[in-house]
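Numbered by numbering that gives the first Met the number 0, the letters in the sequence shown go through residues 0 to 83 in order.
Note that the Cβ used here is the ideal one computed from N, Cα and C, for glycine as well.
From a predicted model like this one, the values you see are computed outputs, not experimental measurements.
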Amino acid sequence: MPTVNALNLFYEELDLAVVPIEARHKERLQCKQGCSACCVDDITVFEVEANNIVAHCESVLNDVAHKKGMCAFLDDEGRCRIYA
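Below, the structure written as structure tokens:
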């Protein structure tokens with residue numbers, strides 16, 4: 000079973016790998032920082048992702064109430080407070 004640390008390392012590596020792709024196709028990409036179109040209720044995650052979310056829960060969820068129907072982890076600008 001992957002650990003939260005391994006998941007976060009994967010995210011870091013993926014972010015680096017995506018940089019040249021993003022630069023090349025920037026004009027055609029629909030999703031950008033702050034895009035939360037797919038961050039709505041009924042989202043499914045893998046167990047390791049759920050563990051990562053739990054690690055962030057207390058500090059994130061104590062901030063402010065979220066908009067009904069939207070993910071509780073989005074900030075006021077639609078950015079994910081878990082993966083950002």
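Here the alpha carbons of E57 and K31 stand approximately 26 angstroms from one another. With at least 16 other beta carbons inside 10 angstroms of its own, F72 counts as buried.
V39 is bridged by DSSP to M69.
A check of alpha carbon separations from G68 across E48, R78 and D41 identifies D41 as the nearest. A distance below 6 angstroms between beta-carbons, with the five flanking residues on each side excluded, links L28 to no residue of its chain.
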